[in-house]
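Per the working numbering: the sequence shown = residues 6 to 188. Some notes on the structure that comes next.
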Amino acid sequence: MKKSAQTTLQFQRREWFYYIDHKGLLFLEETEPKNYTSCLKDDKFLNFFFSNLRPVTETKEEQIEGYPYLSPCWGELNYVKSFKCPIIFKHLTTEQGNSNLEKDILIYGGALKQEFHPDLLIQDEEGLLLHPLTEHKYMKYGALDMSLCQKIGVTLENDPNGCESFIWRDQKHLIRQCKIDCY
Numbered sequence: 006m007k008k009s010a011q012t013t014l015q016f017q018r019r020e021w022f023y024y025i026d027h028k029g030l031l032f033l034e035e036t037e038p039k040n041y042t043s044c045l046k047d048d049k050f051l052n053f054f055f056s057n058l059r060p061v062t063e064t065k066e067e068q069i070e071g072y073p074y075l076s077p078c079w080g081e082l083n084y085v086k087s088f089k090c091p092i093i094f095k096h097l098t099t100e101q102g103n104s105n106l107e108k109d110i111l112i113y114g115g116a117l118k119q120e121f122h123p124d125l126l127i128q129d130e131e132g133l134l135l136h137p138l139t140e141h142k143y144m145k146y147g148a149l150d151m152s153l154c155q156k157i158g159v160t161l162e163n164d165p166n167g168c169e170s171f172i173w174r175d176q177k178h179l180i181r182q183c184k185i186d187c188y
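Structure follows, in structure tokens:
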């Protein structure tokens, strides 16, 4: 009796390497120059990519030096490094909430949304303003882009208690100082 030859299809996992700059723009690592014309812009792709963004786990096969984040996509592994924080809030808009009250919404990735709560802003030791990500599965914080801070008028004032504060919609909000990672 003849044994039939068994063929095994070996799955080759594709790996891609990305960089997120200080404005939240996503680039393939090898892209030069890195500017607005060369960044990835497809909202559907960006939403999927940023929704799945997470810190690299301790799994040996997923660790690649210099790439602390991963955005898996089916069989592909998308390794990511960033300027500081990989999630950058680039825009602020308003939407109708419950009871016809407007709510402020931060935008990141392509068009992903996070409700803005000015009283939850914190400042890391390097001066980056961070906001909690309550809707993201894996990441805890996103950073406000500097131009967004200027646009919404976040001008920091020294509070008598030694904290920074700012005025938003006619209310004063304290900004806690924290040593924190973005995840």
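Cβ coordinates follow ideal geometry from the N, Cα and C atoms, glycine included.
Euclidean distance between Cα positions of residue i and residue j
i	j	result
Trp173	Gly147	19 Å
Gly80	Lys28	28 Å
Asp124	His178	5 Å
Ser152	Ser87	18 Å
Arg18	His136	34 Å
Ile189	Lys46	Outside the shown range of the chain, which is 6 to 188, sits residue 189, and nothing can be said about it.
Tyr74	Leu33	14 Å
Phe171	Ser76	34 Å
Val85	Gln182	27 Å
Glu20	Lys156	37 Å
Reference residue i; option with closest CA among the options
i	options	result
Leu58	Tyr23, Glu130, His122, Glu37	Tyr23
Ser56	Thr99, Gln68, Thr36, Ala116	Ala116
Phe50	Asn40, Thr36, Leu30	Leu30
Cys90	Asn40, Pro60, Asp175	Pro60
Thr99	Lys39, Gln119, Thr36	Gln119
Below-8 Å beta-carbon distance, residue i vs any chain B residue
i	result
Ser43	Checking the listed chains, one finds no chain B in this structure; it contains a single protein chain.
Integer-rounded CB distance, given that residue j should sit under 8 Å from residue i
i	j	result
Ile110	Leu97	7 Å
Asn83	Phe54	7 Å
Other residues of its chain near residue i: CB distance less than 8 Å, five sequence neighbours each side excluded
i	result
Leu134	Leu126, Ile127, Gln128, Ala148, Leu149, Cys154, Val159, Ile180
Gly102	Lys108
Lys184	Asp129, Glu130
Cutoff 7 Å; reference residue i; Cβ partners in own chain excluding five residues on either side
i	result
Asn105	none
Which whole runs of the alpha helix (DSSP H) in the region 47-131 are 4 residues long or more, in chain order? At a cut-off of 4 residues, the continuous stretches assigned as alpha helix (DSSP H) that sit fully inside the region 47-131 are 48-56.
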